[in-house]
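Beneath this line is the structure, given in structure tokens, with notes to follow.
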Amino acid sequence: MVPMSEPNIPVEQPQGGTSTIERTDTQELVEPGDAERFSHYVRKEKILESAMTGDPVIALCGKVWVPGRDPNRFPVCPACKEIIDGRFGNDDGDDS
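Numbering (the UniProt record's numbering), first residue to last: 1 to 96.
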């Protein structure tokens, strides 16, 4: 609605402006298939080599892929954990 006024009488218009709002929240993108993803055990030097060359790595369970996501976002692969536990013992902190 436009303000009405008598002729030659100025109408006060609201003053507009712009401002910048900074967002402080961060969000990690969830990609399709993330629910089926696991963190896998791979030799550290192979991870570093893959980061330099882009070559895929092979996990203890046999999965082959090029690492690129934060492994802390995913649960440990049950097959890799079983292999590690069988070789080095269970390290859950449960002394029973």
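C-beta: ideal position from N, C-alpha, C; glycine also.
- As a beta-bridge residue in DSSP terms, residue 39 pairs with 76.
- Counting every other CB atom within 10 Å of its CB across the protein chains shown gives residue 81 a total of 16 or more, marking it as buried.
- Here the alpha carbons of residue 44 and residue 53 stand approximately 14 Å from one another.
- Residues of the same chain with a CB within less than 6 Å of the CB of residue 77, apart from the 5 flanking positions on each side, are 38, 40 and 61 in chain order.
- Of the other Cβ atoms in all chains shown, 16 or more fall within 10 Å of the Cβ of residue 59; this residue is therefore buried.
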